[in-house]
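Trainee: Take this structure first; my questions come after.
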Amino acid sequence: MSTTETAPRDSAAETPYRPRDKSADWAIPLRSDPPWLTAGLLGSTVASLAGFAAIFHFYDPRVPVALSLLPGLTSATFVGSALSFWGRRKGGTLELIARNRTLRVRGKSEDIPWLDARDGSTFGAIVLEDSKTGARVFVFTQGEEPTVVIDRSGAPLSDAWKQRVVRLDFSGLAVSAESAGAVELAVGSSSAPMLSTIEPALEDALWIRQRLPSGETLLVNERELRVGDRVVAFDGQATARRIAIATPAGEVLGLSITQDLTGLLFACVDATAHGATADVDAPDAYLHPALFAALAAKLNAQDGNKAKK
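Set out below in structure tokens:
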């Protein structure tokens, strides 16, 4: 893949995450439970129950205090939900660690490899960008399951990253921090350290490099899509349709792609699932919702009729 001169990095955005030791890790906070959340939820529950018990008692001492449990627990549920949402925005227990072209997710009791980009020929990287809000979803493919980083910081992209952007409407994208293999940067965090860490490996990296249950590999770059000996060029000549595929387990969203004598059929898996096992009557592959959306947008897929499998 060709390279172009990269834009200057945003040093101001990187500085808060770089430790004094330049050889150490960059730690980017992720949306996660803050350390005080359990105590906060317990305190809000106790306060809600005690508050409604006091109200019932002073309103009419003859009314059993036990009747205050229902409104107290209801109030505690709403207050707890609001407290959890507010607390998780800033994070506190999970970090995205970036160092030497690698990413991993680190918590108090976990250290999960997220991407090893030291060899650019072993992974894929693509950027989905919301055409309305500018939010981004970075999708890294290496192995059998993609890993996803959701970013709403608006950090500037270098030319190398801009070449990998696919713009689409996120309203139909079923990916969140609760999805399998996905994390989201905490409010106030910047993706700049992650971008600068991975950027040197982008020269040799594809957009998508995803192993399929069939044993083949889905390979995508800026010019074409390839599965085995089947190739679909991004030259406007391919026809792509979003269809509903009827399976014994129910209908799933599918993407039918045809170009000349080449045909491919992909299905979209639930964003909370790790994947599906294909059988002989199944589509060519079940794709993560982010990959499915990227291909549909890249091929300008149109809604089509239902197809029976």
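Okay, so the sequence shown: first residue is 268 according to the working numbering, each after it adds one. Heads up, the beta-carbon is just placed ideally off N, CA and C, and yes, glycines get one too. All of these numbers come straight from a predicted model, not from anything done at the bench.
#1: Can you list, in chain order, the stretches of the alpha helix (DSSP H) that have 4 or more residues and sit fully within the segment 393-461?
#2: Classify V313: buried if its beta carbon has 16 or more other beta carbons within 10 angstroms, exposed otherwise.
#3: Indicate the three-state DSSP secondary structure (helix, strand or coil) for T484 in the structure shown.
#4: In the DSSP assignment, find the unbroken beta strand (DSSP E) run with L231 in it and report its ends.
#5: Answer with yes or no whether the minimum CB distance from D327 to chain C is below 8 angstroms.
#6: Would you check if there are 3 or more beta carbon pairs closer than 8 angstroms linking the segment 310-327 to the segment 448-460?
#7: Can you tell me the Cβ-Cβ gap for T414 and L382, rounded? I've got them flagged as a contact below 8 angstroms.
#8: Please look up how many angstroms separate the CB atoms of L336 and L316, rounded, as I've assumed it's under 8 angstroms.
#9: Mark Y553 as exposed unless 16 or more other C-beta atoms lie within 10 angstroms of its C-beta, in which case mark it buried.
#10: Considering only the beta carbon of each residue, do A561 and M461 sit closer than 8 angstroms?
#11: Looking at the structure shown, is L566 part of a helix, part of a strand, or coil, going by DSSP?
#12: Would F533 be called buried (16 or more neighbouring beta carbons within 10 Å of its own) or exposed?
#13: Going by alpha carbons, who is nearest to S446 out of A557, W428, T360?
#14: Considering only DSSP beta bridges, list what P296 is partnered with.
#15: Which residue's Cα is closest to the Cα of S584: V536, Q504, L363, L440?
#16: What separation, rounded to the nearest whole angstrom, lies between the Cα atoms of L395 and P302?
#17: Tell whether a beta-carbon distance below 8 angstroms holds between L363 and V450.
#18: In the DSSP assignment, what are the bridge partners of Y553?
#19: Could you work out which residue in G517, P515, A564, A568 is closest to T525 when comparing CA atoms only?
#20: Alpha carbon to alpha carbon, what distance is there between L473 and R385?
#21: Go ahead and pull the three-state DSSP assignment for A507.
Mentor: Let me lay it out:
#1: 426-429
#2: Position 46 of the sequence shown holds residue 313. Classification for V313: exposed.
#3: What you label residue 484 is simply residue 217 of the sequence shown in a count that begins at 1. Three-state result, T484: strand.
#4: For the chain, the structure presents residues 268 to 576; residue 231 sits outside this window and is missing.
#5: You won't find chain C in this structure, because it holds only one protein chain.
#6: no
#7: In the sequence shown, residue 414 corresponds to position 147, counting from 1. In the sequence shown, residue 382 corresponds to position 115, counting from 1. Contact flag correct, Cβ pair sits at about 6 angstroms.
#8: Your numbering for residue 336 matches position 69 in the sequence shown. Your numbering for residue 316 matches position 49 in the sequence shown. Contact flag correct, Cβ pair sits at about 7 angstroms.
#9: On the sequence shown, residue 553 is found 286 positions in, with the first residue counted as 1. When all chains shown are included, Y553 counts as buried.
#10: To locate residue 561, count along the sequence shown from 1; it is residue 294. To locate residue 461, count along the sequence shown from 1; it is residue 194. No, these two residues do not count as a Cβ contact at 8 angstroms.
#11: As a working mapping, residue 566 is identified with position 299 in the sequence shown. Coil at L566, not helix or strand.
#12: Locating residue 533 in the sequence shown gives position 266, counting from the first residue. Note on F533: 16 or more other CB atoms within 10 angstroms of its CB, so buried under the neighbour-count rule.
#13: As a first step, residue 446 is located in the sequence shown; it is residue number 179 there, counting from the start. Looking at the Cα atoms, A557 is the closest of the given residues.
#14: Here the question's residue 296 lines up with position 29 in the sequence shown. DSSP lists E362 as partners of P296.
#15: Residue coverage of the chain in this structure runs from 268 to 576, which leaves residue 584 outside it and unanswerable.
#16: For the purposes of this step, residue 395 is identified with residue 128 of the sequence shown, where counting begins at 1. For the purposes of this step, residue 302 is identified with residue 35 of the sequence shown, where counting begins at 1. Take the alpha-carbon of L395 and the one of P302: they are about 32 angstroms apart.
#17: Counting from 1 along the sequence shown, the entry for residue 363 is found at position 96. Counting from 1 along the sequence shown, the entry for residue 450 is found at position 183. Taking 8 angstroms as the Cβ cut-off, L363 and V450 qualify as a contacting pair.
#18: Along the sequence shown, one-based indexing puts residue 553 at 286. Partner(s): A534.
#19: Here residue 525 corresponds to residue number 258 of the sequence shown, with the count starting at 1. Among G517, P515, A564, A568, the Cα nearest to that of T525 is on A568.
#20: Taking the sequence shown and counting its residues from 1, the one referred to as residue 385 is at position 118. Taking the sequence shown and counting its residues from 1, the one referred to as residue 473 is at position 206. Going by the C-alpha atoms only, they are around 14 angstroms apart.
#21: For the purposes of this step, residue 507 is taken as residue 240 along the sequence shown, with counting starting at 1. In this structure, A507 counts as strand in the three-state DSSP scheme.
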